[in-house]
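Residue numbers (this note's numbering): 3 to 260.
First up is the structure itself, then whatever we jot down about it.
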């Protein structure tokens, strides 16, 4: 299976049709031909102390946002869970402690892209939380440990945004990107395409551009799981890219063939 990082942007993408959602749908259709047996998602919106994995048979759809139209709150993504895969993930990450979670579900970082990429919701989905207490290298290394799942037919996805600064966003959809956002997004895209995974881990070396683009790390870190899940000789392609509302990167990157 490939591994995919989705720049998910606004949860309204779950309802809208635009060039980003069209790219997700096209990508999902190609991956579906490979018949993934399950999806493991690392979402920016499950940011915890310690590590958890959803272990329920029927995860609920979580609407973890406010101020959006009722139509968005009505969206359900009824994909089954996979407790057996959750247990395998726990074992793969040993000796780290991984809690078998029964309370979370699928948050909008996961379902807002999967509703476009896999609209039938017929592939089991589990989520792995992001341990907020750990540095960037730790998350990359976890991705390395998860690589074996790809060989077993599991699609690994990360969902976040390379650039995510809500404080400096412009609510007009056609707003030009901030220069610092473009520079940082270009740096990350070029690092992906050149296979420079260490540059992704060391993103903070980009100084003020990184500080403005990644004011808090939860939306960036899912990318490191996908980078870690890459084998050394695998190419990375960009399915779609762009800066939305001035300060949100919509870059979606694919490791391996899809």
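For every residue, glycine included, the Cβ atom is placed at its ideal position computed from N, Cα and C.
I think residue i touches residue j, with their Cβ atoms under 8 angstroms apart; what is that distance to the nearest whole Å?
i	j	result
residue 133	residue 191	That pair is no contact at about 26 angstroms.
residue 66	residue 103	With a Cβ gap of about 15 angstroms, residue 66 and residue 103 do not count as contacting.
residue 163	residue 11	7 angstroms
residue 85	residue 58	7 angstroms
residue 5	residue 237	Not quite, the Cβ-Cβ distance comes to about 12 angstroms (not below 8 angstroms), so this is no contact.
residue 149	residue 45	Their Cβ separation, rounded to whole angstroms, is 19 angstroms, which puts residue 149 and residue 45 out of contact at 8 angstroms.
residue 255	residue 240	6 angstroms
residue 171	residue 250	6 angstroms
residue 186	residue 212	6 angstroms
Going by DSSP, what residue range makes up the alpha helix (DSSP H) through residue i?
i	result
residue 23	21 to 34
residue 156	Here residue 156 belongs to no alpha helix (DSSP H); instead the beta strand (DSSP E) covers 156 to 162.
residue 227	223 to 230
residue 89	85 to 94
residue 174	Neither: residue 174 is in no alpha helix (DSSP H) and is coded neither H nor E.
Applying the criterion that 16 or more other CB atoms from any shown protein chain within 10 Å of the CB defines a buried residue, is residue i buried or exposed?
i	result
residue 29	buried
residue 97	exposed
residue 105	exposed
residue 8	buried
residue 122	exposed
residue 52	exposed
residue 196	exposed
residue 209	exposed
residue 21	exposed
residue 246	buried
residue 174	exposed
residue 155	exposed
residue 169	exposed
residue 139	exposed
residue 119	buried
residue 35	exposed
What residue does the beta strand (DSSP E) around residue i start on, and which one ends it?
i	result
residue 42	40 to 45
residue 129	127 to 129
Could you please give me the residues that DSSP links to residue i through a beta bridge?
i	result
residue 255	7, 240
residue 247	Answer by DSSP bridge pairing: none, since residue 247 is not bridged.
residue 56	103
residue 166	250
residue 49	132
Taking CB distances under 8 angstroms as the criterion, tell me whether residue i reaches chain D.
i	result
residue 241	Here there is only one protein chain, and chain D is not present.
Legend entry - Segment contact flag, the region 69 to 77 with the region 138 to 149, C-beta cutoff 8 angstroms, min 3 pairs: no
Inset, instruction - Evaluate the contact criterion for the region 216 to 226 versus the region 151 to 171: three or more CB pairs, one atom per stretch, below 8 angstroms. - result: yes
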